[in-house]
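In this note's numbering, the protein residues as written are 81 to 362.
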């Protein structure tokens with residue numbers, strides 16, 4: 081009973097840690113148009129609390145797409161079209177042992193962030209041959225054609241009133257994932273995605289220690305991976321030496337980033353991954 085009580089207290093500490101996590105990764109210096117909000121806002125909110133000695137299973141899958149034209153006719157990308165996508169998959173599996181799990185997740189097609197999930201788990205195999213596996217994948221993409229700002233009143237209000245004659249074509253894709261297989265852990269993960277508000281962003285983080293909390297070591301393996309890819313068309317009057325043609329865009333810039341961190345054995349682990357993109361105003 082004392083051991084179970086310590087696990088409950090440890091999970092509460094992990095939840096508090098999650099609320100204090102600040103995603104401070106360096107923003108990527110590129111510019112993005114945000115996707116359109118839906119005319120009627122749909123929202124989903126779920127909360128899950130599991131306390132178990134034995135087997136546990138919990139999964140989720142989220143997809144959201146938005147376009148200012150017709151999704152069923154794309155690809156190819158239509159004139160002035162912008163498409164935004166969010167994807168997320170999560171899986172928790174425990175074969176045996178003591179588990180305490182908390183999840184708070186929300187989806188909002190009109191608000192910001194459009195997707196937000198926090199998970200906290202405390203686990204110990206409790207002298208069994210059991211283990212816990214926790215996998216998460218989050219991603220976002222923005223693909224847009226070039227357009228004049230005065231034509232974007234319906235979908236680009238923040239840019240329609242500023243001195244930007246044209247917005248260039250671009251393609252962005254960002255993904256973050258974390259995986260762990262452990263016999264003892266206290267972990268908190270957070271994923272947040274925005275595509276209908278400026279700046280568009282993907283923010284993910286994971287913090288893990290032993291089930292005893294700070295200064296204790298988790299046992300097993302863990303990995304976190306992050307990738308970002310952005311292509312940007314040339315512009316007429318600014319950026320890329322003012323040599324581009326926005327109506328017949330050439331490739332103005334290309335950015336790629338890949339990172340993977342892992343640990344195996346006895347460890348403490350912390351990773352924060354942040355992709356941010358906004359239209360650069362004059």
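For glycine and all other residues, C-beta sits at the position ideal for the given N, C-alpha and C.
Checking 7 Å against the spacing of the C-beta atoms, do residue i and residue j come in under that value?
i: residue 202; j: residue 291; result: yes
i: residue 350; j: residue 296; result: no
i: residue 263; j: residue 293; result: no
i: residue 189; j: residue 126; result: no
i: residue 162; j: residue 153; result: no
i: residue 353; j: residue 267; result: no
i: residue 274; j: residue 194; result: yes
i: residue 356; j: residue 271; result: no
i: residue 132; j: residue 179; result: yes
i: residue 305; j: residue 340; result: yes
If you drop the 5 nearest sequence neighbours on each side, which residues of the same chain put their C-beta closer than 6 Å to that of residue i?
i: residue 138; result: 172
i: residue 336; result: 309
i: residue 338; result: 307
i: residue 124; result: 187
i: residue 333; result: 312
i: residue 303; result: 259, 342
i: residue 215; result: 171, 259
Does DSSP classify residue i as helix, strand or coil?
i: residue 129; result: strand
i: residue 151; result: helix
i: residue 177; result: coil
i: residue 209; result: coil
i: residue 259; result: strand
i: residue 297; result: coil
i: residue 308; result: strand
i: residue 161; result: coil
i: residue 292; result: coil
i: residue 135; result: coil
i: residue 264; result: strand
i: residue 277; result: coil
i: residue 115; result: coil
i: residue 108; result: For residue 108, the predicted structure reports a pLDDT of 37, less than 50, and the residue's modelled location is therefore unreliable. A value from the coordinates is still provided. Looking at residue 108 - three-state DSSP - the assignment turns out to be coil, as it is neither helix nor strand.
i: residue 313; result: strand
i: residue 333; result: strand
Using 8 Å for Cβ pairs, my map puts residue i next to residue j. What's the rounded Cβ distance?
i: residue 212; j: residue 265; result: 7 Å
i: residue 205; j: residue 225; result: Residue 205 to residue 225, Cβ: 53 Å. No contact.
i: residue 269; j: residue 146; result: 25 Å between Cβ atoms; not a contact.
Next item on the list: Inspect the CB distances between the segment 208 to 220 and the segment 167 to 175 and report whether three or more fall short of 8 Å.
Entry: Cβ pair count under 8 Å is three or more, so yes.
Notebook entry, point to check: Counting Cβ pairs closer than 8 Å, one from the segment 193 to 200 and one from the segment 251 to 263, do we hit at least three?
Noted result: Contact between the segment 193 to 200 and the segment 251 to 263 is absent, because fewer than three Cβ pairs lie under 8 Å.
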